[in-house]
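Under UniProt numbering, think of the first position of the sequence shown as 1, with each following residue one higher.
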Amino acid sequence: MAQSMVPVFAGENYDIWSIKMRTLLLSQGLWDIVENGYQEYSAGETLTAEQKKSLAEDRMSDAKALFLIQQGVAESLFPRIIGAKKSKKAWDKLKEEFQGSQKVLAVKLQTLRRQFQNLLMKESEKVKDYFSRVIEIVNQMRLYGEDINDQKVVEKILISLPEKYEYIVAAIEESKDLSTLTIQQLMSSLESHEERKLQREGSSIENAFQSKLSFRPQNSRFRGNFQKKWISNARPWLFLEKWLFQAEGRWSREKRKRALKLLRTKGMVQGLPFITLKSDPCEGCVFGKQIRASFPHSGAWRASAPLELVHTDIVGKVPTISEGGNWYFITFIDDYTRMIWVYFLKEKSAALEIFKKFKAMVENQSNRKIKVLRSDQGGEYISKEFEKYCENAGIRRQLTAGYSTQQNGVAERKNRTINDMANSMLQDKGMPKSFWAEAVNTAIYILNRSPTKAVPNRTPFEAWYGKKPVIGHMRVFGCICYAQVPAQKRVKFDNKSDRCIFVGYADGIKGYRLYNLEKKKIIIIRDVIFDESATWNWKSPEASSTPLLPTTTITLGQPHMHGTHEVEDHTPSPQPSSPMSSSSASSDSSPSSEEQISTPESAPRRVRSMVELLESTSQQRGSEQHEFCNYSVVEPQSFQEAEKHDNWIKAMEDEIHMIEKNNTWELVDRPRDREVIGVKWVYKTKLNLDGSVQKYKARLVAKGFKQKPGIDYYETYAPVARLETIRTIIALAAQKRWKIYQLDVKSAFLNGYLDEEIYVEQPEGFSVQGGENKVFRLKKALYGLKQAPRVWYSQIDKYFIQKGFAKSISEPTLYVNKTGTDILIVSLYVDDLIYTGNSEKMMQDFKKDMMHTYEMSDLGLLYYFLGMEVHQSDEGIFISQRKYAENILKKFKMDNCKSVTTPLLPNEKQKARDGADKVDPTIYRSLVGSLLYLTATRPDIMFAASLLSRYMSSPSQLNFTAAKRVLRYIKGTADYGIWYKPVKESKLIGYTDSDWAGCLDDMKGTSGYAFSLGSGMCSWSTKKQNIVALSSAEAEYVAASKAVSQVVWLRRIMEDLGEKQYQPTTIYCDSKSAIAISENPVSHDRTKHIAIKYHYIREAVDRQEVKLEFCRTDEQLADIFTKALSKEKFVRDRELIGVCKK
């Protein structure tokens, strides 16, 4: 056999080479002996003649096979198999090294499955190219043992084609049997369709832009090609044309055409041939006289259903800033119903975020999808982010030509109408221009309830909502009105009304929005008397002399809507008092109906009330560019500020009620021999996952810093759950397909009994009448006391033990209750606890008993815990910190930066003394601290955050630049997290690695490890080593010792959770020397200096708790925790450790 026939393997594409070699060996009849080997006999065994002959033949065949394998390996790889005496051993060595173990193959196959599931054909991609991508992935999956048939591939291709192939896909599904349709047949059908489509498009372009010349000269001997491609056989004609041009100066060619035609038809000259003129454009005429083409007035395409076409445009910059600090507003108009929505913005760059909110809202209301979005070519609409979002959402874009706003006529004309109406309303009542946002919103509110030619016999409101709007409640914008003051807010002989200005309609509350002239506040109220003819003189403190005409009081039929809602201080000023979230006009509401009312600069909602909408945005101070025009809730810094707002008064009353209900204290005389500790109010707004307000929380806190140790307290420590425990529980629940639920203990610290004698002052604003000089003696703990966490933990620990729970020895906040095969798992973090299990009855009984024993809030399914966003579905559980990541970017003003693909540059080293200028350590520490907290769900930035934390004492400009690069990486991956998906068994798998002498300051290395239960990683770490390793083997050995310590703890946690690991946990290490040291107890010169504590790994191996296995460096997933990687390897490892998009 010629040597050139043997395929040569040089270290790449092992799978392809192995297939070729297998075919070659099969053709030579040698594959069986390579795959299974042959039987050897012992030296003293007597063989028959037949056995000797068979053995000789087997040895000959094995030698031939070994020869072919050796010939098929490049010289650089030949030393790998030089010691192999048999073909099977040589083949297995190559397979183990370049294909990997079964565990590695499973990881690769899982990655290919994910790529196959995420396949989508691009709009500009050809059918042939897309099929090549699909077949490449399918073939790789089959190489790794995946059984994937053609039917599954055909179905995947059909559902992943873009919208332009919808009708051909429907035709294929109707006419052909998908179970027998082959990939080649499908490809032929789609390519034929693609070719026909391209031919039609080419033909239409050719017909539109090309015209052919046809000249038939009479008795032609000469052919001249003029500037306009006129052809003639008469050379005198050339001179005639030139003479005409020179004689008349700068004649246009059109005039020359007419002149030559006149000479011919009138017979004014002789010898002029018949001329066929082509109507090509004249360049000179075009340069000198071109005008704009007319825009058609009829025949424009109209949508046939809601959201089939949406028009949008941005107006601004408005010369005067609105009361909410906004300069622009953006409108969205549904072509079919002509319903209008408006949002207000500070910057045009917020258009994409606004569109996302608008899209989510209208699609949820209508159960339809936006198909086409028409806009101009403003920078905010044609940004890469906007285009990518629309492409991913399947939204087709229609953009106007340059300087052709007429092509977006619906939005342009509507915006002009809105501007004119708003300006007229402001001018009519002489209102300050800073109320332009209120006027714009009211104008849109009116337009949505007014007739339009585009929607015959219906208003836009009716066309969208399917019901007629009620307009009996509408009043004149800017008129003077009188709002009743509730009895709870006035005393005898106080005015029963406040003079206000009507500025619009509330959203979700059956009431009016009024501007209180005295308090400079916007209020929402139901009981109003309007004087629509009166006008307030904004230039003087008194109203004009217009007579006051009494009108009837508007009374609503909903008792719970009574009262006034004071929202925010407002003074007409060019500067906003505080930022607020954007909004829009949407649905209808009246004081006598259940419909909704539009709110200035508030999002159009159908079911959320104005209070809910206010709560959902009021705490995003400075974090949103598209904010409310007239609303803001600021967390008070003192009791004097809080008592001005009903929300905070209610929160303080609830706190006092909880304290008294819990029998926390008793009123006693002030002691003379004991110090009385002061108390203060602390106010906090608790937010939901989406940034909306969950509740207003007022906490009465003791000034524990005045406590004296040994007198006022003794023990203070209280354990909390580790993040590794939380992630392990989540991974286990995903693997078992369990649901995780959450409970919140109201005023948890108030449940702990005190052993010490402690006195506190009466809280401000809630002194006991007649006992103002007395104090409270505490029976139970208050927040702020040194021992409060410990007494609460002692109390809840007793409860769990009494209820039959077993406390984990390795994790004091983990409790497990087992009853037969049923199990209930509870993890506690101060006053928040999560629980899961396989018994619905046990979980329900546990929840009822907890809510009976303590004041609890049932938060339902776990969705937000310790800053982690948790999404539970049938596919598994996804955790992320998207909101926190976005807040970090806004905090450090990096929310508009350009993203990068890796957090660190691979060739850039950090060091303490780099010669660069020093930066403010406070900002740097805050940034690094934020990054470290983000690693709770982002192991891909673990090494970067750990590396930067080494320089917090004296950071340099280079360190700060590296930290900003991490923020740029987060910008592009803010929505990334970890997927935990169901797997066959809960088996721990680990990876360990080190970077030898990676630190340039002290030449110490970095240890890194990661563990998973089969899907996403649940435990990981990056830590600088405490020693200077003398070799890479020592550094790897020290790193492996740290990983073994962690896995022993994880095994105990898994045993507590009912998932005992009976087999040794495999930890993959890419250092054979480190593995040898762990298995060989003999001490020699290279290992005798290693500290004894690192030899703990040997004991774990002997106990069969851990098994170290070798893996190649390019398969080492812990590499991402020890060093900066190149883009390709970083992206690959990031995907393999489970970090991805939701």
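Heads up, the beta-carbon is just placed ideally off N, CA and C, and yes, glycines get one too.
Nothing here was measured: the structure is a model prediction, and the numbers come from that model.
Between residue 505 and residue 416, the alpha-carbon positions lie close to 22 Å from each other. In this structure residue 360 is exposed. Its beta-carbon is surrounded by fewer than 16 other beta-carbon atoms within 10 angstroms. Every unbroken stretch of the beta strand (DSSP E) spanning 3 or more residues and falling wholly within the region 780-819 is given here in chain order: 814-819. Note that the region 839-855 touches the region 735-755; at least 3 beta-carbon pairs, one per stretch, sit closer than 8 Å.
For residue 870, the CB contacts under 6 Å within the same chain, skipping 5 residues up- and downstream, are 862, 863, 879 in chain order. DSSP, read as helix, strand or coil, puts residue 1130 in helix. Within the region 421-460, the complete alpha helix (DSSP H) segments at least 4 residues long are 436-447, listed from N- to C-terminus. Under the DSSP definition of a beta bridge, residue 180 lacks any partner.
Note on geometry: alpha-carbon atoms of residue 424 and residue 440 lie some 11 Å from one another.
Straight across, the Cα-Cα distance linking residue 789 with residue 394 is about 52 Å.
Fully enclosed beta strand (DSSP E) runs of no fewer than 3 residues occupy 822-829, 832-837, 856-861, 868-873, 876-880 of the region 819-905, in order along the chain.
DSSP, reduced to helix, strand and coil, places residue 1115 within a helical segment of the structure shown.
Sequence-distant partners of residue 158 (beyond 5 residues in either direction) whose C-beta falls short of 6 Å from its own C-beta, in its chain, are 169. In the displayed model, residue 738 falls within coil according to three-state DSSP, outside both helix and strand. In the structure shown, the three-state DSSP call for residue 44 is coil. The beta strand (DSSP E) runs of length 3 or more contained entirely in the region 632-690 are, from start to end of the chain, 665-668, 679-687.
Collapsing the DSSP output to three states places residue 1048 in a helix. The region 55-65 makes contact with the region 32-45; the number of CB pairs closer than 8 Å reaches 3 or more. For residue 480, the closest alpha carbon among the candidates 983, 886, 500, 107 is that of 500. Linking residue 92 to residue 69 through their CA atoms gives a straight-line distance of about 11 Å. Distance from the CA of residue 1014 to the CA of residue 986, rounded to the nearest whole angstrom, comes to 7 Å. Using a 10 angstroms sphere on the CB of residue 49, the tally of other CB atoms stays under 16, which defines it as exposed.
Out of 726, 700, 674, 766, the CA that lies nearest to the CA of residue 756 is found in 674. Note: residue 1017 is bridge-paired with 1012 in the DSSP secondary-structure output. Between the alpha carbons of residue 970 and residue 796 lies a distance of about 39 Å. DSSP links residue 311 through a beta bridge to 333, 374. As DSSP reads the structure, residue 702 sits in a beta bridge with 679. Rounded to whole angstroms, the Cβ separation of residue 754 and residue 702 is 11 Å, and the two are not in contact under 8 Å. The region 427-435 and the region 324-336 do not touch, with fewer than 3 CB-CB distances between them shorter than 8 Å. C-alpha of residue 389 to C-alpha of residue 1103: approximately 54 Å in a straight line. Between residue 1020 and residue 952, the CB-CB gap reaches or exceeds 8 Å. A direct Cα-Cα distance of roughly 41 Å separates residue 134 from residue 1051.
A straight line joining the alpha-carbon of residue 659 with that of residue 1135 spans about 50 Å. In the displayed model, residue 971 falls within a helix according to three-state DSSP. Using a Cβ-Cβ distance cut-off of 8 Å, the region 951-968 and the region 919-926 are in contact, since at least three pairs of beta carbons, one from each stretch, lie closer than that value. By the neighbour-count criterion, in which 16 or more other beta carbons inside 10 Å mark a residue as buried, residue 1087 falls on the buried side.
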